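Let me begin by presenting the structure, written as structure tokens, before commenting on it.
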Amino acid sequence: MANPLTNRTEILFLYEIENANPNGDPLNENRPRYDSEENRVLVSDVRLKRTVRDYWYEYKGYNGTNGKDIFVRETTYQDGDKTYIVDGKRRAKAFQEKRETVLEQCIDVRTFGGVLPLDKDSITLVGPTQFQMGKSLNKTEIVTEQGTGAFASGDKKGQATFRTEYKIPYALIGFNGIINEKAAAYSQMTVADKELLLQGIWEGTKNLISRSKFGQTPLLLLTVDYNEPFYIGGLRQRLKLTSSKNEMQLRSTDDYILDVSELIAELIRNKSKIAAVHVRIDPRLKTTTSLNNGPLIL
């Protein structure tokens with residue numbers, strides 16, 4: 001394996017969403033996932049991984065050509081004059097049901113792990129990169145929008161169909177993540193894969209230009225590389241928002257300051273265990289401690 005990962009890395013990722021649906025729940029009319037006790041929006045780790053996979057597929061050539069692919073993606077096959085969506089077993093057969101072939105070609109399995117279903121068994125690969133479910137730092141609400149469609153519901157109808165959409169006015173959403181170097185040794189995740197992961201988190205979020213996701217912008221990506229098998233944990237939970245407005249009234253980065261004092265203090269307290277801290281930040285995000293793009297000196 002070229003350039004294997006040897007350091008554990010902790011990830012903190014923040015992005016904003018404005019008047020959009022960050023992660024619809026198909027079992028609840030595609031409403032945004034929501035913690036009604038705290039009035040905070042939730043985003044699943046699966047949604048973030050899908051964002052990264054789509055970026056790799058669309059922009060980095062992992063599209064089934066030149067020995068580079070995404071294992072967990074929708075593919076189809078023909079049977080006579082009909083087209084069907086490939087199931088897991090048929091997808092595994094495209095790689096000869098071989099663990100080595102999948103790991104060599106599929107960056108998403110090297111990075112996130114996966115299950116290869118076989119005819120009478122399965123191969124499970126634990127992913128070195130894991131994310132906690134994302135949550136908004138601010139309280140927010142779900143807004144219902146209704147409108148009319150362009151077409152009728154059927155032939156000889158005198159009225160167009162109605163549509164209902166559910167959106168979040170504004171939220172600053174945070175994710176915690178870990179890249180486990182021990183699991184990376186088994187999945188063969190490399191340093192180059194890690195760089196593509198971080199690129200996919202930022203650029204993938206920025207390039208979600210669908211109708212329901214347009215309005216999402218990455219604001220902060222902080223990575224902590226450790227020099228021993230240790231991590232601080234709960235980086236998102238160490239952040240706070242300060243604002244003269246009620247949390248439900250926040251609508252842009254102009255409305256608040258991100259208090260990073262507890263986070264910085266914890267990084268300094270564990271300085272001896274940290275090899276490096278890197279920051280990527282949108283200049284619109286105001287923080288209590290000045291953060292610039294590049295290495296963070298503790």
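Heads up: the sequence shown at position 93 corresponds to 93 in our numbering, and the numbers run straight through without jumps.
Note that CB positions come from ideal geometry on N, CA and C, so glycine has one too.
Please read all numbers here as calculations on a predicted model, not as lab measurements.
Asked	Found
Kindly list the residues whose CB is nearer than 8 Å to the CB of residue 7, restricted to its own chain and excluding five residues on each side of it in sequence; keep chain order.	181, 225, 226, 227, 275
Within the chosen definition, does the stretch 186-204 reach the stretch 17-24 through at least 3 CB pairs nearer than 8 Å?	no
If you pair each beta-carbon of the stretch 104-120 with each one of the stretch 69-84, do three or more pairs fall below 8 Å?	yes
For residue 128 and residue 272, I'd like the C-alpha separation in whole angstroms.	24 Å
By Cβ distance, which residues of its chain are closer than 8 Å to residue 55, with the 5 residues on each side in sequence left out?	199, 200, 203, 204, 207
Three-state secondary structure (DSSP) at residue 295?	strand
Would residue 270 and residue 209 qualify as a contact pair, given that the criterion is a beta-carbon distance under 7 Å?	no
Looking at residue 137 and residue 219, is the spacing between their C-beta atoms short of 7 Å?	no
DSSP three-state call for residue 28: helix, strand or coil?	helix
Can you give me the start and stop residues for the beta strand (DSSP E) that residue 258 sits inside?	257-259
Can you give the beta carbon distance from residue 30 to residue 166, rounded, assuming they're within the 8 Å contact cut?	7 Å
Check the C-beta distance from residue 261 over to residue 289 and give it rounded, since I have them as a contact under 8 Å.	6 Å
To which residues of the same chain is residue 356 closer than 6 Å at the C-beta, ignoring the five residues directly before and after it?	The first residue shown for the chain is 1 and the last is 298, placing residue 356 beyond what the model contains.
Relative to the C-alpha of residue 88, which candidate in 49, 61, 60, 121 has its C-alpha closest?	121
What ranges does the beta strand (DSSP E) occupy inside the stretch 31-75, keeping only unbroken runs of at least 3 residues that lie completely in it?	40-43
For the beta strand (DSSP E) holding residue 241, just list the boundary residues, first then last.	240-242
Going by beta carbon distance, what residues of the same chain come within less than 6 Å of residue 183, once the five residues before and after it are set aside?	126, 128
Buried or exposed: where does residue 244 fall if 16 or more other Cβ atoms within 10 Å of its Cβ makes it buried?	exposed
Taking just the CA atoms, how far does residue 237 sit from residue 44?	17 Å
Quickly, what does DSSP pair residue 226 with across the bridge? List them, please.	274
Please state the DSSP three-state secondary structure of residue 102.	helix
Hey, residue 19 and residue 174: beta-carbon distance below 7 Å or not?	no
Taking the beta carbon of residue 96 as the centre, do at least 16 other beta carbons fall within 10 Å, making it buried, or is it exposed?	exposed
Among residues of its own chain, excluding the 5 on either side of residue 263, which ones have a beta-carbon nearer than 7 Å to its beta-carbon?	235, 238, 239
Ignoring anything shorter than 3 residues or poking outside the stretch 84-130, list the beta strand (DSSP E) runs there in chain order.	113-117, 122-126
Quick one: measure Cβ to Cβ for residue 285 and residue 134, integer angstroms, because I've assumed they're closer than 8 Å.	The pair is not a contact, with the Cβ atoms about 17 Å apart (cut-off 8 Å).
Whose CA, out of 185, 169, 119, lies closest to the CA of residue 145?	169
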